[in-house]
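Written out below as structure tokens is the structure these notes cover.
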Amino acid sequence: MAITVSNISKLYGSQRALDAVSFNINPGEVVGILGPNGAGKSTLMKIITCFIPPTGGNVTVDGFSIHDQSIEVRRRVGYLPENTPLYTEMYVREYLEFVAGMHKLQNIKKRTSEMIEMTGLAREQHKKIGQLSKGFRQRVGIAQAMIHNPDVLILDEPTSGLDPNQLLDIRQLIRTLGKEKTVMLSTHIMQEVEAICSRAIIINQGKIVADDTTASLSSKLTGSNIILVEFSGPVSGEKIKNLKGARKVNLRENNLWEIH
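For the sequence shown, the working numbering assigns the number 35 to the initial residue and increments by one for each residue that follows.
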């Protein structure tokens with residue numbers, strides 16, 4: 035199911051959180067939205083999922099607009115917000131059945147059991163959510179996003195704060211879901227995008243600065259390292275350029291050289 039983002043802007047007072055953002059995500063793609071904290075990633079996801087309106091522009095999901103067909107968009111999208119807001123006093127199964135009821139599903143218990151099995155929550159289903167580790171709370175969050183079987187899954191920082199074992203488990207779960215769904219996830223860590231996604235869109239200060247396959251972007255980023263070296267005395271730029279791996283050198287000031 036395709037997502038089309040067209041010239042989206044978002045203002046908070048005088049602050050421009052998003053500035054004319056446009057891109058398409060094709061059905062079945064797993065795409066990472068990469069950028070530093072405050073770049074506009076969460077704002078973009080909230081707009082796509084109809085949680086907040088844009089200041090300008092439009093988003094369509096499977097041809098349905100967020101402006102006048104938001105109910106149809108919500109039916110097709112599963113959303114895991116940042117920090118996984120959950121009812122911590124509810125039991126895992128109780129909470130998922132509650133969410134299934136909110137979506138007016140027909141066979142609530144059967145669908146809840148399917149999600150518990152898919153997300154590896156069988157041993158945790160009768161525990162209170164507040165008793166779970168962060169990794170299992172993330173699984174509950176993904177389960178609630180998937181409970182109504184949406185075609186699009188939008189995950190905001192799904193691996194943030196997890197320990198190494200939890201990280202591997204959640205990565206594998208997202209990869210599995212990506213075989214059947216269109217997945218869009220945000221992160222500020224390039225390695226997460228490389229591990230999960232086939233494509234990355236990089237956002238900085240509310241603007242798209244790159245959009246390419248993860249392999250291509252990784253190659254470009256690896257090839258763009260800059261090293262600053264300060265020598266104790268004058269050195270010829272030609273000698274520095276002859277160093278193995280150096281492609282370009284610039285003299286910044288005095289004996290401080292920039293090596294690319």
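By construction, the Cβ of each residue, glycine as well, lies at the ideal position given by its N, Cα and C atoms.
Nearest residue (CA-CA) to residue i, options the options
i           : options            : result
residue 197 : 170, 213, 186, 216 : 170
residue 209 : 250, 232, 114, 131 : 232
residue 41  : 48, 154, 55        : 55
residue 57  : 235, 271, 249      : 235
residue 212 : 78, 112, 47, 70    : 112
residue 65  : 271, 269, 224, 178 : 224
residue 138 : 243, 77, 181       : 181
residue 50  : 241, 168, 144, 214 : 241
residue 195 : 218, 183, 168, 188 : 168
residue 214 : 75, 63, 59, 269    : 63
residue 166 : 102, 188, 120      : 120
Neighbour-count burial assignment, residue i, 16 or more Cβ in a 10 Å radius
i           : result
residue 61  : exposed
residue 88  : buried
residue 285 : exposed
residue 158 : buried
residue 191 : buried
residue 122 : exposed
residue 37  : buried
residue 261 : exposed
residue 175 : buried
residue 263 : exposed
residue 243 : exposed
Beta-bridge partners of residue i, as assigned by DSSP
i           : result
residue 83  : Residue 83 pairs with nothing; no bridge assigned.
residue 49  : 46
residue 162 : 125
residue 241 : 238
residue 66  : 219, 234
residue 33  : There is no way to answer for residue 33, as the model of the chain reaches only from 35 to 294.
residue 59  : 37
residue 264 : 290
residue 169 : Residue 169 is not bridged to any residue.
residue 153 : DSSP output for residue 153 lists no bridge partner at all.
residue 112 : 187
Cβ shell of residue i (< 7 Å), same chain only, five flanking positions each side left out
i           : result
residue 274 : 280, 283, 291, 293
residue 35  : 61, 95, 96, 110, 185, 186, 216
residue 238 : 69, 70, 73
residue 149 : 130, 177, 180, 181
residue 77  : 44, 51, 52
residue 101 : 92
Proximal residues to residue i (C-beta, below 6 Å), its chain only, five neighbours per side dropped
i           : result
residue 80  : 86
residue 131 : 142, 146
residue 106 : 98
residue 115 : 190
residue 200 : 169
beta-carbon residue i near the ligand NAP non-hydrogen atom, thresh 7 Å
i           : result
residue 164 : By its list of ligands, the structure shown contains no ligand whatsoever, and the ligand NAP lies outside what it can speak to.
Spatial neighbours of residue i in its chain, beta-carbon cut-off 8 Å, leaving aside the 5 residues before and after
i           : result
residue 154 : 173, 203, 207
residue 310 : Because the chain spans 35 through 294 in this model, residue 310 falls outside it and cannot be assessed.
residue 124 : 132, 162, 163
> Where are the beta strand (DSSP E) runs, 3 residues long or more, that stay fully inside the stretch 182–211, in chain order?
Replying inline: If we require 3 residues or more, the beta strand (DSSP E) runs fully inside the stretch 182–211 come out as 186–190.
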